[in-house]
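Novice:
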Amino acid sequence: MNIIEEIFKALFEKYGPQYWWPADSPFEVIIGAILTQGTNWNNVEKAINNLKNNIDLLNPERLYYLSDEKLEELIKPCGFYKIKTKRIRNFLNFFFKNFDGEINKMAKTPTYLLREKLLSISGLGKETVDSILLYTFNRPVFVIDKYTRKIFSCLRVADFSLSYDEWQNLFQNLLFPIYQLFNEYHALLVVHGKNRCRFCKGTCFIKERFFSEKAQFCHKGCPLLENKSNYYLAT
DNA sequence: GACCAGGCACATC
DNA sequence: GATGTGCATGGT
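Note that numbering that gives the first Met the number 0 gives residue 170 to position 171 of the first sequence, counting from 1, and the numbers run on in steps of one.
(1) Does T147 come out as helix, strand or coil in the three-state DSSP assignment?
(2) Assign E44 to one of three DSSP states: helix, strand, or coil.
(3) What's the C-alpha gap between E68 and N53?
(4) G122: which of L169, A32, Y111 sits nearest, CA to CA?
(5) Going by the CB atoms, is the gap between Y163 and G192 shorter than 8 Å?
(6) Looking only at its own chain, which residues have a Cβ that is under 7 Å from the Cβ of A46, when we skip the five neighbours before and after it?
(7) Given this structure, state the Cα-to-Cα distance separating P16 from F94, to the nearest angstrom.
(8) Report the rounded CA-to-CA distance for L62 versus Y14, giving the unit in angstroms.
(9) Quick one: residues in its chain with C-beta nearer than 8 Å to the C-beta of L132, no 5 flanking neighbours on either side, listed in chain order?
(10) Would you mind stating whether A157 and L169 have Cβ atoms separated by less than 8 Å?
(11) Would I143 pass as a contact of Q167 if the rule is Cβ separation under 8 Å?
(12) Grouping DSSP H, G and I as helix and E and B as strand, with all else coil, what is K219?
(13) Report the three-state DSSP secondary structure of S152 (helix, strand or coil).
(14) Could you check where the alpha helix (DSSP H) with L133 kicks off and where it finishes?
(15) Tell me where the alpha helix (DSSP H) around L91 begins and ends.
(16) I need the straight-line Cα distance from L174 to L180, nearest angstrom please.
(17) On the CB-based measure, 16 or more other CB atoms within 10 Å of its CB, does S130 come out buried or exposed?
(18) How many Å lie between Y18 and Y64 at the Cα?
(19) So the alpha helix (DSSP H) I54 belongs to, where does it begin and stop?
(20) Report the residue from I3, G37, N182, S24 whose alpha carbon sits nearest the alpha carbon of G124.
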């Protein structure tokens with residue numbers, strides 16, 4: 000096992016299976032992925048509940064025909080609500096134009112092509128698109144988020160400031176491309192990341208277990224090494 | 001009251 | 001290509 004696999008094993012043993020994504024339908028995953036951009040999940044849940052409690056608006060048709068004003072009002076609790084309304088609208092327009100608003104039709108598109116198409120929608124960046132590919136369509140695409148970078152740069156596995164693609168290649172080159180593995184791994188990183196300050200202030204169990212080091216940083220942003228050769232996996 | 005949260009597009013250098 | 005900024009609410 001390589002270090003990336005070892006760390007997965009450690010996280011899984013500590014936190015157990017996460018059963019992600021926390022949503023009742025593939026469509027809800029997509030809307031949730033947009034709503035969670037730069038936002039605490041607790042706030043996203045409030046917005047999602049607002050949508051669900053209003054004649055089940057987490058339905059492609061009903062959301063498509065909802066006014067922007069009403070959508071803004073309902074998703075307000077999760078912040079950035081005007082720009083997120085635009086982004087959801089951009090996605091819905093794409094979704095109905097290309098796939099008649101049907102997830103099953105969209106699911107027939109090959110991964111690479113679907114990724115390109117989704118990335119062409121204004122407001123959907125790499126993390127959002129990869130979350131959709133992995134958690135809506137079960138494609139083995141590794142999602143890179145801030146937690147991933149913070150945790151692995153803290154562990155001195157790689158430099159926080161590497162590009163999205165470099166981070167993604169690191170994981171995709173060192174893991175078997177099995178969507179269940181990618182699903183669980185990303186979920187575990189988020190769970191660990193949310194607990195991270197508590198763990199890393201005093202001790203980080205991953206760090207102690209694999210690197211025989213006490214974690215003396217984190218909390219406010221993991222200091223980075225000046226010399227990249229000090230990373231375990233420099234890319 | 002300060003800081004942060006599962007980003008992204010756009011402006012500027 | 002790197003860096004800075006606006007977008008906004010709610011929890012700690």
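Backbone N, C-alpha and C define an ideal beta-carbon position, used for all residues, glycine too. Values in this document were obtained by computation on a predicted structure and should not be read as measured data.
Specialist: Quick answer:
(1) T147: helix per DSSP, three-state reduction.
(2) Look at E44 here: in three-state DSSP terms it is helix.
(3) Distance from the CA of E68 to the CA of N53, rounded to the nearest whole angstrom, comes to 14 Å.
(4) G122 has its Cα closest to that of A32, out of L169, A32, Y111.
(5) No.
(6) Within the same chain, A46 has close Cβ partners L34, L73, I74, P76, C77.
(7) When only Cα atoms are considered, P16 and F94 end up about 31 Å apart.
(8) In this model, L62 and Y14 are separated by some 35 Å (Cα to Cα).
(9) Cβ contact annotation for L132 (same chain, cutoff 8 Å, sequence separation greater than five): T110, L113, R114, L117, R138, V140, in chain order.
(10) Yes, they are a contact pair.
(11) Contact: yes.
(12) Low per-residue confidence applies at K219: pLDDT is 33, beneath 50, and the placement is therefore not dependable, though the value from the model is reported in the following sentence. K219: coil per DSSP, three-state reduction.
(13) Helix at S152.
(14) For L133, the uninterrupted alpha helix (DSSP H) segment begins and ends at 125 to 134.
(15) Note, L91: alpha helix (DSSP H), 80 to 98.
(16) Rounded to the nearest angstrom, the two C-alpha atoms are 8 Å apart.
(17) It counts as buried.
(18) A straight line joining the alpha-carbon of Y18 with that of Y64 spans about 31 Å.
(19) Unbroken run through I54: none, as it is neither H nor E.
(20) Closest option to G124, Cα to Cα, is G37.
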